[in-house]
Amino acid sequence: MGELDAVVRRRHSTRMFLPDKPVPRELLDEALALAMRAPSNSNVQPWRVFLATGARRDRLGAALAAAVRAAPPPAMGIPESHNHLRRALGAQVYGAMGVARGDSEGRWNAQLRNWDFFRAPLAGIVCMHRDLGLPDAIGVGMFLQTLLLALTDRGLDSCVQVSTALYPDVVRVQLDIPDELTPLCGICIGYADPAFAANFLDIPRNAVADNVVVYDD
């Protein structure tokens with residue numbers, strides 16, 4: 001197995017971080033510089049990223065938490081044809097956290113941690129210009145994957161979160177995001193809490209044949 005193979009297999013979504021263990025700036029800068037090498041349509045480089053630590057990060061988390069409590073988010077749209085994958089993931093993650101299927105309060109408290117970026121010391125929002133479209137969103141995705149792998153290679157843990165983009169007005173105010181940028185997702189970066197069992201799950205993937213068709217005739 002090559003070095004890249006090992007990094008890809010080691011990357012996982014971390015759902016609880018050590019809040020008092022900061023991300024070294026030099027490692028972050030290295031990972032971001034490498035992620036900038038990601039391909040994009042016509043070299044548009046459509047990703048725009050706003051990251052925060054310290055007091056700014058804490059204000060962002062507090063503002064999101066207040067917004068969620070005031071107006072809980074709608075269920076994120078996954079069609080029923082694919083919802084079995086969400087249910088399977090939820091059973092695995094909540095099970096590792098000791099939250100029973102019928103424990104609605106426990107599940108809600110666990111979900112609230114999304115909007116505090118799972119206590120990560122470095123948190124942010126990934127955006128794209130509102131004039132861009134699906135081909136450019138693919139470019140943002142390639143940037144994000146490259147960034148995640150670069151962080152993993154440097155011993156850092158991470159998680160990409162759709163949930164934080166459900167409150168675009170809040171993140172705009174807290175991170176001074178211009179109106180022409182559309183928040184797509186959140187990202188949290190730091191070091192995984194070794195005492196949190198859900199950080200060490202082996203999440204299954206589909207077989208290649210379930211997702212890929214190769215014609216060789």
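Quick note, the sequence shown lines up with residues 1 to 217 if you use the UniProt record's numbering.
Here a beta-carbon is modelled for each residue, glycine too, at the ideal position from N, C-alpha and C.
Here the structure is a predicted model, which means the values were calculated and not measured.
Top-ranked residue by Cα proximity to residue i, from the options
i	options	result
residue 60	208, 199, 202, 164	164
residue 231	4, 7, 2, 12	With the chain represented from 1 up to 217, any question about residue 231 goes unanswered, as that position is not in the structure.
residue 48	143, 158, 208, 86	143
residue 197	98, 88, 85	98
residue 170	5, 2, 56	56
residue 82	210, 74, 216	210
residue 17	51, 101, 157, 127	157
residue 226	45, 189, 184, 174	Absent from the structure is residue 226, since the part of the chain shown begins at 1 and ends at 217.
residue 51	131, 190, 213	190
Reduced DSSP category for residue i - H, G, I as helix; E, B as strand; rest coil
i	result
residue 163	helix
residue 182	strand
residue 42	helix
residue 214	coil
residue 195	coil
residue 155	coil
residue 190	strand
residue 34	helix
residue 48	strand
Spatial distance of residue i from residue j (CA atoms)
i	j	result
residue 65	residue 58	11 Å
residue 192	residue 14	6 Å
residue 194	residue 21	12 Å
residue 109	residue 103	10 Å
residue 80	residue 115	25 Å
residue 213	residue 138	20 Å
residue 7	residue 152	6 Å
- Query: Touch check for the region 191-208 and the region 87-98: three-plus C-beta pairs under 8 Å?
  - Reply: yes
- Quick one: which unbroken alpha helix (DSSP H) runs of 4-plus residues sit fully inside the region 93-146? Chain order, please. 104-112
- Task: Mind the definition here: the region 119-132 touches the region 178-187 only if three or more C-beta pairs lie below 8 Å; say whether that holds.
- Result: yes
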